[in-house]
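**Q** Just dropping this structure here.
There are 2 protein chains.
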Amino acid sequence: MAHSPELLKGTLQTIILKILKDHGKTYGYEITHRVKELSAGSILLTEGALYPTLHRLEAEGLVKTEKVLMGKRVRKYYLLTPEGKSEAKDRVAEFVDFIKTMSTVLQVNIA
Amino acid sequence: MAHSPELLKGTLQTIILKILKDHGKTYGYEITHRVKELSAGSILLTEGALYPTLHRLEAEGLVKTEKVLMGKRVRKYYLLTPEGKSEAKDRVAEFVDFIKTMSTVLQVNIA
DNA sequence: TCATATACCTAATTCAATTAGGTATTATGG
DNA sequence: CCATAATACCTAATTGAATTAGGTATATGA
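As they're listed, the protein sequences go chains Z and L.
So in our numbering the end of the first sequence lands on 111, straight run, no missing numbers.
So in our numbering the end of the second sequence lands on 222, straight run, no missing numbers.
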């Protein structure tokens, strides 16, 4: 079911950037649920990992935020900046490249 | 050329176990060169990463060592224990599973 | 009313990997 | 013949992303 968390390291930013690119503005809690759904439950992005990563991406200028009042609760949407969009594309391409290399090194067929 | 080192995190043990499984007994310096060659220069496994990992695998009982005297120099071969062989298989399978999941999440085709 | 879900967050810790060395032997080009 | 590169082992200190383990508050369904 769930993957070894070791392998997930280094992929969190890529996942989040891609989610934001495909889905447009998304709030934090929603991101964890989208990842869980897309991965059929095998990638469980905890909030302790999510929020620091989002804040890091924001500090790097790759995402920006919009606060929306929902009843008495403030919901914070995250969305890509233009640089974020470009970076999302690059990171995904890099990941594809990486798994191609790894497939060769590990001598496995990805079909 | 070289990949973002972030993505490599968590894959080092898998790479090393697979090299030892395919190649049989191999010494440390040789492992770095095999990985570099197999990856066409895009995975540069430094010795600072390699040796601690090999020692960790040894402590976990997945690899054992054989010292061979080459002239005045001691060469230390690393080879899989039976548990290491089994673990190598499992780790590679896990990695394949992981990239399948990631392909879905990132919506990319691996061909 | 009480647990569960929603929704944001952070502080402390962990631990693999990076950086930056150290030591010594063996080949090789000028 | 000598200096440099290549071979070959290693470790200590640091980094930094992720994990663990919380905290706060609102909304909802049984």
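For every residue, glycine included, the Cβ atom is placed at its ideal position computed from N, Cα and C.
Please check if any C-beta of chain Z sits within less than 8 angstroms of the C-beta of isoleucine 127 of chain L.
**A** Chain Z contact via Cβ: absent.
**Q** Quick one: grab the DSSP three-state call for valine 219 of chain L.
**A** Three-state result, valine 219 of chain L: coil.
**Q** With a threshold of 8 angstroms between beta-carbons, can threonine 164 of chain L be considered close to chain Z, or not?
**A** no
**Q** If you drop the 5 nearest sequence neighbours on each side, which residues of the same chain put their C-beta closer than 8 angstroms to that of lysine 36 of chain Z?
**A** Ile43, Leu44 and Leu45
**Q** So is glutamine 107 of chain Z buried or exposed if we call it buried at 16+ other beta carbons inside 10 Å?
**A** exposed
**Q** Can the beta-carbon of leucine 62 of chain Z be found closer than 8 angstroms to that of glutamate 83 of chain Z?
**A** yes
**Q** Taking the alpha helix (DSSP H) that glutamate 117 of chain L falls in, what are its first and last residues?
**A** Unbroken alpha helix (DSSP H) run through glutamate 117 of chain L: 116-119.
**Q** Please report whether the beta-carbon of glutamate 6 of chain Z lies at a distance below 8 angstroms from any beta-carbon of chain L.
**A** yes
**Q** Would alanine 49 of chain Z pass as a contact of leucine 12 of chain Z if the rule is Cβ separation under 8 angstroms?
**A** yes
**Q** Apart from the five residues on each side of it in sequence, which residues of its chain come closer than 8 angstroms, Cβ to Cβ, to threonine 137 of chain L?
**A** Ile130, Leu131, Arg145, Tyr188, Tyr189 and Leu190
**Q** Can you check whether the CB of leucine 118 of chain L is closer than 8 angstroms to the CB of phenylalanine 95 of chain Z?
**A** yes
**Q** Throw me the rounded Cβ distance for the isoleucine 15 of chain Z and leucine 54 of chain Z pair, which I believe falls under 8 angstroms.
**A** About 12 angstroms separates the two Cβ atoms, so there is no contact after all.
**Q** If we ignore side chains and look at the alpha-carbon of each, how far apart do alanine 222 of chain L and lysine 89 of chain Z end up?
**A** 18 angstroms
**Q** Which runs of the alpha helix (DSSP H), 4 residues or longer, sit entirely within the stretch 31-64 of chain Z?
**A** 47-59
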